[in-house]
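Residues 4 to 313 in the numbering used here are what the sequence shown spells out, letter by letter. No residue lacks a Cβ here, since even glycine has one placed at the ideal position from N, Cα and C. Structure first, commentary second.
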Amino acid sequence: MSSMKKKKLILIMEYNYEEAVNEVLRNPETEYKALTVFFRMNLQNGLEFLKKLKRIFSLENIILMSDIEYLANDLEVGYVIELKQFYDFNLEQFLKVYESSVQHFENFFDFLESVSDVFHFSFHQYEKEKAWFSLLFGHGILIINDENYEKILQNYHKIKAHTSDLAFINLNEAGVEKNLKLLKMLGSDAQIAFGVTNSLKSKFSQWIDVIIYQRSPYYERNIQNFISQIFSFNSWEKALALLQNFFTIEEKSFEADLYEEEEDVLKVPKRFFLKIENKIEFMEKAENVFYCSKDKKEHYRLEKDKDFIG
């Protein structure tokens, strides 16, 4: 029976980067997590340094510590530790406690939770599932729904490296009115704002560019997956242009006054129907249909829906 790998949390900064990386490479039998500290520094410098770390460490093994609030999903790091007493924090002791006690914890989350009060910090973990904000090929994706509403209100200010380039809002939930107001406040940078629904009657708003209807209880996930597939097959710029052209979305003015009257401006809704088919026969490209192959068994078919009652 092989012994478990030794675990170590190693501090890596600009000044000791080469030395620390050499240690990691010399000890493949040790499972390292990289801890880096963001002082009140130029964010761009910090992001460039994170790129260097990501060449060596996977996302879940990069830990960011700072007295400034950041979002793990924005920086694509495993954890963000927010220090309440930055200059009184005993970093050396923290590293020693981890090394001496790590074997008693099932995962890093449990360790942080056990020492957070003693070392006076709060923390959060990168969200893989049901994330309200994530990156798609380096661009921000904002997901607004009832489940995410409070999370967004409490944490949106932590986003500092990216903007919400695409926004999705669920139109088939009880809190749609307040969610639309949230989209109005936070979705102004979105190049496309999608309303998603499985109901033939959904509220439209001037802050939504297009409604996509999908007849499935998993409509929200299916529609988001479809859009992700488009971007995975093309460059960001090409995929965005394809969608904007298909949806006939006019160029946006980002100088609009966000504090104008809350009443929606009358706007002709652009509405589309997404089908997921197990088999698709060859047919000529239609003007009002957008195809995307998910895999050999499933195909996405997006078309303008004349029967969609808004």
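In the structure shown, Gly-198 adopts extended strand secondary structure according to DSSP, grouped into three states. Classified as exposed, Arg-58 has fewer than 16 neighbouring CB atoms from the shown chains inside 10 Å of its CB. Between His-165 and Gly-143, the gap from beta carbon to beta carbon is short of 8 Å. About 6 Å separates the Cβ atoms of Leu-186 and Ala-196, confirming a contact at the 8 Å cut-off.
Rounded to the nearest whole angstrom, the CA to CA distance from Phe-229 to Ser-238 is 15 Å. The Cβ atoms of Trp-135 and Ile-155 sit closer than 8 Å to each other. Pairing Leu-245 with Trp-210 gives a Cβ-Cβ distance that is not under 8 Å. In the structure shown, the three-state DSSP call for Ile-214 is strand. Using a 10 angstroms sphere on the CB of Gly-49, the tally of other CB atoms reaches 16 or more, which defines it as buried. Taking the Cα positions, Leu-243 is about 25 Å away from Leu-74. Sequence-distant partners of Ser-205 (beyond 5 residues in either direction) whose C-beta falls short of 7 Å from its own C-beta, in its chain, are Leu-174, Asn-175, Gly-198, Ile-214 and Gly-313. In the assembly as shown, Thr-39 is a buried residue. Its beta-carbon has 16 or more other beta-carbons within 10 Å. For the pair Ser-231 and Glu-223, the Cα-to-Cα distance works out to about 12 Å. Phe-234 is a Cβ neighbour of Phe-140, given a cutoff of 8 Å. Assignment of Lys-9 by DSSP, reduced to helix, strand and coil, places it in the strand class. Between Tyr-294 and Ser-167, the alpha-carbon positions lie close to 25 Å from each other. Under the DSSP definition of a beta bridge, Gly-143 partners with Leu-138 and Ser-167.
When C-alpha distances from Leu-203 are compared across Gln-157, Glu-153, Tyr-159 and Phe-276, the shortest belongs to Phe-276. Here the stretch 64-83 lies against the stretch 24-39, with 3 or more beta-carbon pairs under 8 Å apart.
DSSP places Gln-157 within a helical segment (H, G or I) once states are collapsed to three.
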